[in-house]
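Asks: Please find one structure pasted underneath; my questions will follow.
In my numbering, the protein residues as written are 8 to 294.
Here it is, written out as structure tokens:
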């Protein structure tokens with residue numbers, strides 16, 4: 008069995024959707040569907056029950072799941088050990104897709120000025136994807152959101168969410184904006200937004216339904232469209248652009264904590280010093 012089939016399988020389990028799983032695996036939906044069918048043919052049983060809205064594991068699929076995870080885990084461990092043998096100063100870092108590129112770049116640039124001997128191997132992902140990579144030894148560290156205070160992560164900063172408006176917007180000079188004032192504004196939807204449901208509920212509770220003009224998983228693109236006057240959106244405060252103003256929305260107060268998630272396993276001795284240096288720098292980085 009080819010390893011990519013296991014990745015298709017686990018992605019489909021995680022997302023519950025052929026479309027989302029294909030996107031996560033960077034393949035087309037027909038390619039992923041064919042891969043799942045091939046895997047089912049090779050194991051000799053159906054692993055999923057298909058429905059119009061979602062796919063579910065069969066009893067056989069449920070039994071197969073821990074085996075598939077274990078296989079990929081062992082492969083990732085072997086690859087990590089070989090990679091670290093060849094590249095003793097390479098830190099593998101997972102980066103949450105909804106973190107501003109400028110902030111991440113500033114963090115890494117500042118650290119590399121102090122430690123030019125260290126190199127990074129970067130990968131983007133959702134919160135769950137990054138947690139999986141940590142568990143499977145696919146990354147050493149991850150920059151993601153802290154949901155629970157424990158010793159697996161170190162809080163770096165906390166922030167709220169605000170409206171992002173073009174500087175030419177009629178309300179751009181206000182200190183705070185009521186949701187009702189935006190009924191006729193075109194809305195840009197950030198599909199990866201952690202508070203998407205809260206944002207939608209905030210408007211519907213006020214009988215406000217702004218027309219949707221753009222939906223994107225790329226936050227920098229959403230910010231650029233705001234700056235161009237295409238529409239408005241709700242984003243974490245750390246997103247900034249010269250032609251965009253950030254204004255609080257009255258009664259909308261969700262917050263998030265950005266954190267550095269530490270390795271889930273003991274790093275090789277040759278990486279320990281680099282890892283400690285990066286952890287110390289990230290903890291003190293203000294951005």
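The beta-carbon is built from N, C-alpha and C at its ideal position, and this holds for glycine as well.
Determine, using beta carbons only, whether residue 31 and residue 40 come nearer to each other than 9 Å.
Replies: In the chain shown, the residue the question calls residue 31 occupies position 24. In the chain shown, the residue the question calls residue 40 occupies position 33. In this structure, residue 40 does not lie closer than 9 Å to residue 31 by Cβ.
Asks: Which whole-angstrom value describes the C-beta separation of residue 222 and residue 196, a residue pair presumed to lie in contact below a C-beta threshold of 8 Å?
Replies: As a position in the chain shown, residue 222 is number 215, starting the count at 1. As a position in the chain shown, residue 196 is number 189, starting the count at 1. Confirmed, Cβ separation roughly 4 Å.
Asks: With DSSP collapsed to three states, give me the class of residue 26.
Replies: As a first step, residue 26 is located in the chain shown; it is residue number 19 there, counting from the start. Residue 26 falls in the helix class under three-state DSSP.
Asks: Taking DSSP's pairing of strands, which residues face residue 243 in a bridge?
Replies: Translated into the one-based positions of the chain shown, residue 243 becomes position 236. 168.
Asks: From the DSSP secondary-structure annotation, give me the bridge partner or partners of residue 268.
Replies: The residue you call residue 268 lines up with position 261 of the chain shown. According to DSSP, residue 268 bridges with 149, 160.
Asks: The beta strand (DSSP E) spanning residue 255 covers which residue range?
Replies: Walking along the chain shown from the start, residue 255 turns up at place 248. Run containing residue 255: 251-256, per the beta strand (DSSP E) assignment.
Asks: How long is the line joining the alpha carbons of residue 188 and residue 204, rounded to whole angstroms?
Replies: Counting from 1 along the chain shown, the entry for residue 188 is found at position 181. Counting from 1 along the chain shown, the entry for residue 204 is found at position 197. Going from the Cα of residue 188 to the Cα of residue 204 covers about 20 Å.
Asks: Between which two residues does the alpha helix (DSSP H) harbouring residue 233 extend?
Replies: As a working note, residue 233 is residue 226 in the chain shown. Residues 226-234.
Asks: Can you tell me which residues form a DSSP beta bridge with residue 55?
Replies: Working through the chain shown from its first residue, we reach residue 55 at position 48. BP columns for residue 55 point to 64.
Asks: Assuming residue 46 and residue 8 are in contact, meaning their beta carbons sit under 8 Å apart, how far apart are those beta carbons, in whole angstroms?
Replies: In the chain shown, counting from the first residue as 1, residue 46 sits at position 39. In the chain shown, counting from the first residue as 1, residue 8 sits at position 1. Correct: roughly 7 Å between the Cβ atoms.
Asks: How big is the Cα-Cα spacing for residue 151 and residue 42?
Replies: Stepping through the chain shown from its first residue, residue 151 is reached at position 144. Stepping through the chain shown from its first residue, residue 42 is reached at position 35. Using only the alpha carbons, I get a separation of about 30 Å.
Asks: Please specify which runs of the alpha helix (DSSP H), each continuous and at least 4 residues long, are wholly inside the segment 83-146, giving them in chain order.
Replies: You should have 108-121, 134-142.
Asks: In angstroms with no decimal places, state the Cα-to-Cα distance between residue 242 and residue 257.
Replies: Your numbering for residue 242 matches position 235 in the chain shown. Your numbering for residue 257 matches position 250 in the chain shown. Rounded to the nearest angstrom, the two C-alpha atoms are 15 Å apart.
Asks: Roughly how many whole angstroms lie between the Cα atoms of residue 294 and residue 13?
Replies: Numbered from 1 along the chain shown, position 287 holds the residue referred to as residue 294. Numbered from 1 along the chain shown, position 6 holds the residue referred to as residue 13. Near 39 Å, if we compare the C-alpha coordinates of residue 13 and residue 294.
Asks: Which term fits residue 278, buried or exposed, when burial requires 16 or more other beta carbons within 10 angstroms of its beta carbon?
Replies: To locate residue 278, count along the chain shown from 1; it is residue 271. Looking at its Cβ environment, which holds 16 or more other Cβ atoms inside 10 Å, residue 278 is buried.
Asks: Under the three-state reduction of DSSP, which class applies to residue 178: helix, strand or coil?
Replies: Here residue 178 corresponds to residue number 171 of the chain shown, with the count starting at 1. Looking at residue 178 - three-state DSSP - the assignment turns out to be coil, as it is neither helix nor strand.
Asks: Out of curiosity, what's the CA-to-CA distance linking residue 234 and residue 248?
Replies: Position 227 of the chain shown, counted from the start, is the residue given in the question as residue 234. Position 241 of the chain shown, counted from the start, is the residue given in the question as residue 248. Straight-line Cα distance between these residues: approximately 8 Å.
Asks: Less than 9 Å separating the beta-carbons of residue 113 and residue 292?
Replies: Working through the chain shown from its first residue, we reach residue 113 at position 106. Working through the chain shown from its first residue, we reach residue 292 at position 285. Yes, these two residues count as a Cβ contact at 9 Å.
Asks: As a quick exercise: from 237, 226, 232, 238, pick the residue whose alpha carbon is nearest that of residue 244.
Replies: For the purposes of this step, residue 244 is identified with residue 237 of the chain shown, where counting begins at 1. Nearest option by C-alpha distance: 226.
Asks: Measure the alpha-carbon distance for residue 288 versus residue 37 and round it to whole angstroms.
Replies: Stepping through the chain shown from its first residue, residue 288 is reached at position 281. Stepping through the chain shown from its first residue, residue 37 is reached at position 30. Each residue's Cα considered, the two are about 44 Å apart.
Asks: Using only the alpha-carbon positions, how far apart do residue 106 and residue 148 sit?
Replies: If you number the chain shown from 1, residue 106 lands on position 99. If you number the chain shown from 1, residue 148 lands on position 141. Spanning the two alpha carbons is a distance of roughly 15 Å.
Asks: When you compare only the Cα positions, how much space is there between residue 275 and residue 265?
Replies: As a first step, residue 275 is located in the chain shown; it is residue number 268 there, counting from the start. As a first step, residue 265 is located in the chain shown; it is residue number 258 there, counting from the start. Residue 275 and residue 265: Cα-Cα distance of roughly 27 Å.
Asks: Can you name the start and end residues of the alpha helix (DSSP H) that residue 39 belongs to?
Replies: What you label residue 39 is simply residue 32 of the chain shown in a count that begins at 1. It spans 36-50 - the alpha helix (DSSP H) in which residue 39 sits, taken as one unbroken run.
Asks: Taking Cβ to Cβ, would you say residue 180 is nearer than 9 Å to residue 262?
Replies: Here the question's residue 180 lines up with position 173 in the chain shown. Here the question's residue 262 lines up with position 255 in the chain shown. Going by C-beta atoms, residue 180 is not nearer than 9 Å to residue 262.
Asks: With residue 125 and residue 194 assumed to form a contact (beta carbons below 8 Å), what rounded beta-carbon distance in angstroms separates them?
Replies: Position 118 of the chain shown, counting from 1, holds the residue named residue 125. Position 187 of the chain shown, counting from 1, holds the residue named residue 194. Actually they do not touch by this definition, with Cβ atoms about 42 Å apart.
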